[in-house]
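K.L.:
Have a look at the structure that comes next, please.
Residue numbers (the working numbering): 35 to 448.
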């Protein structure tokens, strides 16, 4: 989600609502499992091509949309109920047309670039005020199909060349190489450091996003650096709690524990700091956003939906050293490279009586600011895991990864 300005999400919702439409899609595919995932894939295929990544057993599946910039739309563990984990922007998808400001297609892994605001913003033209009327997601990663470079049963690779101009007038030439890959059971155990267990149904995937400076000049801090920004939208519930582990320590050395200034201070009944974990509501009922600085953030975040017994985990690459992270606040900034590395957004009504944009909640990760020479590249990997099963197994995994118990997550706001 965009950052740090009090704008009406109802206004943005209104601009993308339109007449429902569809186009024919004769793509053949393996039969989808029954349940919500099958329904979501059927809806998507009314409007766009879908690449289904699948494990050999055909249970764990990931739906990727090339026409929506190669984003992961949703995924499933399979099984009798075939759950669907990604939030879909059905109104924008069904409209079939380009929307002002942002095409809200949804999806649980989409590629963006930062910064969003500030003197090096990619979302505002030079000299424009930082408001909704002038805010625009760059078309290169907001609209149009990305070329499929290669494809197999478990992964699909995309390429995209783009030319962008930032708020300061600097032109940047970028080559994007993005691969979405379904992870195996062995991958899951390796990455989490814990085997889920035979009673746990799991789907996991990663997007490997490589950005190359395709121009002839180096990217320099004085003229504006970009960052890779991956965002995942998920379906909220009254029983969903987001957990962000952080590095404890005094503010004098590490800075504030959490940044909740994006849309105004988050109320205490929605944001709790306990031990070395930040708990944040993911109920889609209150518009709010938080962020963690690189001095505080860990390389993992997660959420737990107690109503569906779904544990969601997100990992991302964290270099040991980095120049800084871009600042996306909607203002001219004193410190443009003192931004957050991980964010979480909870959707909700922007004002009493106004509809939410989704609702949904988000888990977002960013690469460092990319100080790249001509031809140099950087890779940012963002992994998503969904685990469904007995509470005892999910508790063991939550403790091993997030360092909190399932009871901590379930009862954080009770």
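By construction, the Cβ of each residue, glycine as well, lies at the ideal position given by its N, Cα and C atoms. Because the structure is a prediction, the values reported are computed rather than measured.
To which residues of the same chain is residue 62 closer than 6 Å at the C-beta, ignoring the five residues directly before and after it?
P.N.:
As a working mapping, residue 62 is identified with position 28 in the chain shown. At residue 62 the pLDDT is 37, less than 50, meaning the model places this residue with poor confidence and gives no usable figure here.
K.L.:
Given residue 429, which residues of its chain have a CB within under 7 Å of its CB, disregarding the five upstream and five downstream residues?
P.N.:
Position 395 of the chain shown, counting from 1, holds the residue named residue 429. Hits under 7 Å: 439, 440.
K.L.:
Count the other CB atoms within 10 Å of the CB of residue 318; is the residue buried (16 or more) or exposed (fewer)?
P.N.:
Here the question's residue 318 lines up with position 284 in the chain shown. Under this definition residue 318 is a buried residue.
K.L.:
Just to check my reading of the structure: residue 330 and residue 291 have Cβ atoms closer than 8 Å, yes? What is that Cβ distance to the nearest angstrom?
P.N.:
Within the chain shown, the letter at position 296 stands for residue 330. Within the chain shown, the letter at position 257 stands for residue 291. Sure, about 6 Å apart at Cβ, within 8 Å.
K.L.:
Are there three or more Cβ pairs, one per stretch, closer than 8 Å when the stretch 258-269 is compared with the stretch 134-150?
P.N.:
Yes: the two stretches touch, three or more of their Cβ pairs being nearer than 8 Å.
K.L.:
Roughly how many whole angstroms lie between the Cα atoms of residue 239 and residue 185?
P.N.:
Here residue 239 refers to the residue found at position 205 when the chain shown is read from its first residue. Here residue 185 refers to the residue found at position 151 when the chain shown is read from its first residue. Their Cα atoms are separated by approximately 15 Å.
K.L.:
Within 10 Å of its beta-carbon, does residue 396 have 16 or more other beta-carbons around it, so buried, or fewer, so exposed?
P.N.:
Start at 1 with the first residue of the chain shown, and residue 396 comes out as number 362. Buried, since its Cβ has 16 or more Cβ neighbours within 10 Å.
K.L.:
Which residue spans inside the stretch 294-333 form an unbroken beta strand (DSSP E) run of at least 3?
P.N.:
DSSP runs (the beta strand (DSSP E)) wholly in the stretch 294-333: 305-308, 311-315, 322-326.
K.L.:
Under DSSP, the beta strand (DSSP E) around residue 209 begins and ends at which residues?
P.N.:
Residue mapping note: residue 209 aligns to position 175 of the chain shown, counting from 1. It spans 205-216 - the beta strand (DSSP E) in which residue 209 sits, taken as one unbroken run.
K.L.:
Leaving out five residues on either side along the sequence, give the residues of the same chain with a beta carbon under 6 Å from the beta carbon of residue 39.
P.N.:
Residue 39 sits at position 5 when you count from the first residue of the chain shown. With a pLDDT of only 39 at residue 39, under the threshold of 50, the placement of this residue in the model should not be trusted, and no figure is reported.
K.L.:
Whose C-beta lies closer than 7 Å to the C-beta of residue 108 among residues of the same chain, with five residues either side of it excluded?
P.N.:
Here the question's residue 108 lines up with position 74 in the chain shown. So the list reads 71, 74, 97, 118, 119, 120, 122, 142, once near-sequence residues are dropped.
K.L.:
Buried or exposed for residue 357, please, with buried defined as at least 16 other CB atoms from any protein chain shown within 10 angstroms of its CB.
P.N.:
Numbered from 1 along the chain shown, position 323 holds the residue referred to as residue 357. Result: exposed.
K.L.:
Just reading off the beta strand (DSSP E) that residue 243 is part of, what are its end residues?
P.N.:
Counting from one through the chain shown, the residue named residue 243 turns up at place 209. Here the beta strand (DSSP E) through residue 243 covers 235-247.
K.L.:
Please determine if the stretch 233-251 and the stretch 190-209 are in contact, where contact requires at least 3 C-beta pairs separated by less than 8 Å.
P.N.:
Yes: at least three Cβ pairs fall under 8 Å.
K.L.:
Can the beta-carbon of residue 24 be found closer than 7 Å to that of residue 382?
P.N.:
The chain is shown only over 35 to 448; residue 24 falls outside these bounds and no answer can be derived.
K.L.:
If we count the other Cβ atoms within 10 Å of its Cβ and call it buried at 16 or more, is residue 349 buried or exposed?
P.N.:
Position 315 of the chain shown, counted from the first residue, corresponds to residue 349. When all chains shown are included, residue 349 counts as buried.
K.L.:
Return the residue from the list 229, 370, 362, 418 that minimises the CA-CA distance to residue 431.
P.N.:
Locating residue 431 in the chain shown gives position 397, where the first residue counts as 1. Checking every option, the nearest Cα to that of residue 431 belongs to 229.
K.L.:
Could you pull the DSSP bridge partners for residue 191 from this structure?
P.N.:
The count along the chain shown starts at 1 and reaches residue 191 at position 157. Paired residues: 184, 213.
K.L.:
What separation, rounded to the nearest whole angstrom, lies between the Cα atoms of residue 235 and residue 102?
P.N.:
Reading the chain shown from its first residue, position 201 is the one you call residue 235. Reading the chain shown from its first residue, position 68 is the one you call residue 102. Taking the straight line joining both Cα atoms gives about 28 Å.
K.L.:
Using a Cβ-Cβ cut-off of 7 Å (strictly less than) and excluding sequence neighbours within five positions of residue 282, which residues of its own chain qualify?
P.N.:
Stepping through the chain shown from its first residue, residue 282 is reached at position 248. 310, listed in sequence order.
K.L.:
Do you know offhand how far residue 112's Cα is from residue 352's?
P.N.:
Within the chain shown, numbered from 1, the residue matching residue 112 stands at position 78. Within the chain shown, numbered from 1, the residue matching residue 352 stands at position 318. Distance between the alpha carbons of residue 112 and residue 352: 31 Å.
K.L.:
Taking DSSP's pairing of strands, which residues face residue 143 in a bridge?
P.N.:
Position 109 of the chain shown holds residue 143. DSSP output for residue 143 lists 106 as bridge partner(s).
K.L.:
Starting from residue 435 and walking both ways along the alpha helix (DSSP H), at which residues does that stretch end?
P.N.:
In the chain shown, the residue the question calls residue 435 occupies position 401. Counting along the chain, the alpha helix (DSSP H) containing residue 435 begins and ends at 425-435.
K.L.:
For the alpha helix (DSSP H) that contains residue 224, what are its first and last residues?
P.N.:
Position 190 of the chain shown, counting from 1, holds the residue named residue 224. 219-226 is the span of the alpha helix (DSSP H), which, as asked, contains residue 224.
K.L.:
What does the Cβ neighbour count give for residue 410, buried or exposed, with the cut at 16 atoms within 10 Å?
P.N.:
Within the chain shown, residue 410 is the residue found at index 376, counting from 1. It is exposed - the Cβ of residue 410 has fewer than 16 other Cβ atoms within 10 Å.
K.L.:
Along the chain, where does the beta strand (DSSP E) containing residue 366 start, and where does it finish?
P.N.:
Locating residue 366 in the chain shown gives position 332, counting from the first residue. Unbroken run through residue 366: none, as it is neither H nor E.
K.L.:
So, under 8 Å CB-CB, residue 293 and residue 312 are touching, yes? Tell me the CB distance rounded to an integer number of Å.
P.N.:
Here the question's residue 293 lines up with position 259 in the chain shown. Here the question's residue 312 lines up with position 278 in the chain shown. Contact flag wrong, Cβ pair sits at about 11 Å.
K.L.:
Could you tell me which of 280, 288, 275 sits nearest to residue 303, measuring between CA atoms?
P.N.:
Here residue 303 refers to the residue found at position 269 when the chain shown is read from its first residue. Nearest of 280, 288, 275 to residue 303, Cα basis: 275.
K.L.:
Considering only C-alpha positions, which residue in the set 334, 369, 341 is nearest to residue 347?
P.N.:
Counting from one through the chain shown, the residue named residue 347 turns up at place 313. Comparing Cα positions, the closest option is 334.
K.L.:
Tell whether a beta-carbon distance below 7 Å holds between residue 154 and residue 88.
P.N.:
The residue labelled residue 154 in the question sits at position 120 within the chain shown. The residue labelled residue 88 in the question sits at position 54 within the chain shown. No, Cβ-Cβ distance for residue 154 and residue 88 is not below 7 Å.
K.L.:
Which residues in the same chain have their Cβ closer than 7 Å to the Cβ of residue 404, if we skip the five residues on either side of it in sequence?
P.N.:
To locate residue 404, count along the chain shown from 1; it is residue 370. The residues are 245, 253, 259, 260, 261, 412.
K.L.:
So the candidates are 204, 136, 241, 343; which of them puts its Cα closest to the Cα of residue 270?
P.N.:
As a first step, residue 270 is located in the chain shown; it is residue number 236 there, counting from the start. Ranking the options by Cα distance to residue 270, first place goes to 343.
K.L.:
According to DSSP, simplified to helix, strand and coil, what is residue 171?
P.N.:
Sequence index remark: in the chain shown, residue 171 carries index 137 (1-based). The answer is coil: DSSP assigns residue 171 none of H, G, I, E or B.
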